[in-house]
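What follows is a single structure, written as structure tokens, with notes after it.
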Amino acid sequence: GDSVTQMEGPVTLSEEAFLTINCTYTATGYPSLFWYVQYPGEGLQLLLKATKADDKGSNKGFEATYRKETTSFHLEKGSVQVSDSAVYFCASRGRSNYKLTFGKGTLLTVNP
Amino acid sequence: EPEVTQTPSHQVTQMGQEVILRCVPISNHLYFYWYRQILGQKVEFLVSFYNNEISEKSEIFDDQFSVERPDGSNFTLKIRSTKLEDSAMYFCASTAQTDQNEKLFFGSGTQLSVL
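Chains as they are written, first to last, in the numbering used here: chain U, 1059 to 1170; chain R, 880 to 994.
Below you can see the structure in the form of structure tokens.
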């Protein structure tokens, strides 16, 4: 079945540091790929998505590119802020089912 | 932005007791989901629900689990006889359609602790 593997956390960075959270997927066909974020005390929110190979999703300074050749969807941000501290989830969704398949989540803490 | 609401935020129960987790999806959404996350593990799909019936369920969703949409607004998850291993954060989600690219709207979760 489909699966998503993302970088184990926690990740601790200083403000303005560069962020990469790795994510790889296995799926039949061509899934859509997502990054969700969960801020403390809140639900999961969609951060960005990409629906086909070589698509780049971007939002709030975060980017991720759908790489079919490496089955990856790594999340990057050039300069993190304290307000980016949250848990980040990589997820995939295939054509023929209703569900999202999630990774374990990566806790990011950004210190001033 | 519209929100999915879950109550309670925390639920503590004794093993063997029944619990009902409640969710109010976004009002014009038609597809509803429950996911859970055991501490330190992946967010796992439990069940999807559409048109008053289950459309898909995982292996986790055994006979101890049931879902219901008792009225036009609530969507509930019932666990008939809780086990220690049911302790997890339970997330409700909804969406207007099941297009592959459509995002799900999630609630903030109910933390269930089974003692």
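For every residue, glycine included, the Cβ atom is placed at its ideal position computed from N, Cα and C.
Computed from a prediction, not measured in an experiment: that's the story for all the values here.
C-alpha of R/S937 to C-alpha of U/K1107: approximately 24 Å in a straight line. Separation of R/H908 and R/Q893 (C-alpha to C-alpha, rounded to the nearest whole angstrom) is 34 Å. The beta-carbon separation of U/L1105 and U/Y1094, rounded to 6 Å, stays under the 8 Å limit for a contact. Interface residue (Cβ-Cβ distance to chain U less than 9 Å): R/S992 is not classified as such. For R/G951, the closest of R/Y912, R/I905 and R/T989 by C-alpha to C-alpha distance is R/I905. For U/E1121, not one C-beta of chain R is nearer than 9 Å to its own C-beta.
Taking a contact as a CB-CB distance under 8 Å, the pair U/V1138 and U/A1075 counts as one, their CB atoms being some 6 Å apart. One thing to note: R/G986 has its Cβ within 9 Å of the Cβ of R/V883.
The shortest CA-to-CA distance from U/T1167 to any of U/T1082, U/L1071 and U/G1059 is the one to U/L1071. R/V946 sits away from R/F970, with the two beta carbons spaced by 9 Å or more. Taking a 10 Å sphere around the C-beta of U/A1111, we find fewer than 16 other C-beta atoms and assign the residue as exposed. Of the candidates R/L925, R/M968 and R/L983, the residue whose Cα lies closest to the Cα of R/Q990 is R/M968. By the criterion of at least three beta-carbon pairs nearer than 8 Å, the segment 1076-1086 of chain U is in contact with the segment 1115-1135 of chain U. R/L956 has a beta carbon lying at 9 Å or more from every beta carbon in chain U. When U/G1136, U/D1060 and U/S1150 are compared, the shortest CA-CA separation from U/T1078 is found for U/G1136.
Taking 9 Å as the cut-off, the beta carbon of U/K1157 is found no closer than this to the beta carbon of R/Q920.
R/S927 belongs to the set of residues whose beta carbon lies under 9 Å from a beta carbon in chain U.
Cβ neighbours of U/S1090 within its own chain (closer than 6 Å, five residues either side excluded): T1109 and R1151.
Around R/V883, the beta-carbon contacts reaching into chain U at under 7 Å are G1101. Where R/H889 is concerned, the enclosing beta strand (DSSP E) starts and stops at H889 to T892.
Here U/G1101 is buried: its Cβ has 16 or more other Cβ atoms, across all protein chains shown, within 10 Å.
CA-CA distance, R/K957 to R/F944, rounds to 6 Å.
For U/E1121, the secondary structure class from DSSP, reduced to helix, strand or coil, is strand.
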